[in-house]
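Each remark here refers to the structure printed beneath this line.
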Amino acid sequence: MHCSFQKSMASVVKEAHKLSITTGAHAAIVAYSVSGIPYVYDSSNFFDTIYKFLNDAKASAVIGGH
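Everything in the sequence shown is counted per the UniProt record's numbering, starting at 1 for the first residue and increasing by one.
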């Protein structure tokens, strides 16, 4: 399962990077593997991106994949 997670994570990061490059959007990803290992990607400055998200009243999160 670990290899599957790593492959999926690599795919998600590739798409986030592509989104950032093609549109100029700031993209950040935080994911934890089943074993609890954190994986983080950010197209710019992770803490700035997360802080901006947490303090933006218009921000919305995708909960449970919906």
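Cβ coordinates follow ideal geometry from the N, Cα and C atoms, glycine included.
Within 10 Å of its beta-carbon, does ALA57 have 16 or more other beta-carbons around it, so buried, or fewer, so exposed? If you number the sequence shown from 1, residue 57 lands on position 57. Exposed is the call here.
Counting along the chain, where does the beta strand (DSSP E) carrying ASP56 start and finish? Numbered from 1 along the sequence shown, position 56 holds the residue referred to as residue 56. Careful: ASP56 lies outside any beta strand (DSSP E) and carries neither H nor E.
Once DSSP output is grouped into helix, strand and coil, what is the label at ALA16? Taking the first residue of the sequence shown as position 1, residue 16 is located at position 16. Residue state, collapsed to three classes: helix.
Which of the three DSSP states is assigned to ILE37 in this structure? The sequence position of residue 37 within the sequence shown is 37, counting from 1. Reduced to three states, the DSSP call for ILE37 is coil.
Measure the Cβ-Cβ separation of ALA16 and SER43 and say whether it is below 8 Å. Counting from 1 along the sequence shown, the entry for residue 16 is found at position 16. Counting from 1 along the sequence shown, the entry for residue 43 is found at position 43. Yes; because the gap between Cβ atoms is below 8 Å, this pair is in contact.
Own chain, CB closer than 7 Å to ALA61, minus 5 neighbours either side, in chain order: What you label residue 61 is simply residue 61 of the sequence shown in a count that begins at 1. No residues qualify anywhere along the chain.
From CYS3, SER4, LEU54, PHE46, pick the residue whose C-alpha is nearest to that of residue 119; which is it? Any answer about residue 119 is impossible in this case: the structure gives the chain only from 1 up to 66.
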